[in-house]
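To start, the structure itself, in structure tokens.
Structural data, given as structure tokens:
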């Protein structure tokens, strides 16, 4: 009887240890997340989640990746346009992870890498257009930026859904020049309207004089 009791006494700590181990192996993955699991350094074929997953510790290691759309604020970049105007331009990039294993395996930090690609692409693309095109065709430029950035991030499992040019900070001298140009355009239109009015008046006078002579 005593050996049986001794064996049961030994099973008590083992049971407690087993319960603690099982609990430590459980992990909750949210609905908007997926867990990329490495087993002995090798990644499993498919990502796990959402819900409760089991990790065979210490041989399993999980990297959790969010699937939600990320709003990336691209800081102001110094741009020299095609017509040699220096200005600062900022943008917003919307992207999300669509392939979690690639986002973990093929790039060290997909968020930082996407940010750097967005900054360099913004400088290179906007440097190929004039100031007037930049101010008038922001939507078209945003679509072009999205295509280029999405092509670069596709191998990482990152999909870029949209790019918007947010702010264009013009130098003070450029603002004054644009103000003078707008004022000149208004004066030009005013003179054209005045000349058209004088022409119409002269035609009316000519018609009136012809009628009086008849």
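Numbering (the numbering used here), first residue to last: 6 to 219. Idealized CB from N, CA, C, for every residue including glycine. Given the structure is predicted, the values throughout are model-derived calculations rather than measurements.
> Near residue 162, what residues of its chain come up, given a Cβ to Cβ distance below 8 Å and the 5 sequence neighbours on each side ignored?
Replying inline: 102, 103, 104, 105, 106, 107, 108, 111 and 115
> Under 9 Å, do residue 79 and residue 97 count as touching if we go by C-beta distance?
Replying inline: yes
> Closest to residue 29 by CA distance: which of 35, 122, 47 and 63 is it?
Replying inline: For the options 35, 122, 47 and 63, the alpha carbon positioned closest to that of residue 29 is the one of 63.
>> Contact between the region 132-141 and the region 87-94 is defined here as three or more beta-carbon pairs at a separation below 8 Å; is this criterion met?
In response: yes
>> So, for residue 72: in the same chain, excluding its five sequence neighbours on each side, which residues have a beta-carbon less than 7 Å away from its beta-carbon?
In response: 37, 38, 39, 101 and 102
> What residue does the alpha helix (DSSP H) around residue 171 start on, and which one ends it?
Replying inline: Unbroken run through residue 171 is the beta strand (DSSP E), 163-174; no alpha helix (DSSP H).
> When you compare only the Cα positions, how much space is there between residue 145 and residue 208?
Replying inline: Straight-line spacing of the CA atoms in residue 145 and residue 208 works out to 47 Å.
>> So, at 7 Å on beta carbons, what are the nonlocal neighbours of residue 170 in its own chain, with the 5 sequence-adjacent residues on each side left out?
In response: 94, 96, 143, 146 and 147
> Whose C-alpha, out of 214, 55, 205 and 140, is nearest the C-alpha of residue 172?
Replying inline: 140
> Using the beta-carbon count (16 or more within 10 Å), is residue 47 buried or exposed?
Replying inline: Exposed, by the Cβ-count rule.
>> Looking only at its chain, what residues have a beta carbon closer than 7 Å to the beta carbon of residue 213, apart from the 5 residues adjacent to it on each side?
In response: none
> To which residues does DSSP link residue 128 through a beta bridge?
Replying inline: Paired residues: none, contrary to the question.
> So what does residue 91 bridge to, in DSSP terms?
Replying inline: 85
> Under 9 Å between the Cβ atoms of residue 92 and residue 175?
Replying inline: yes
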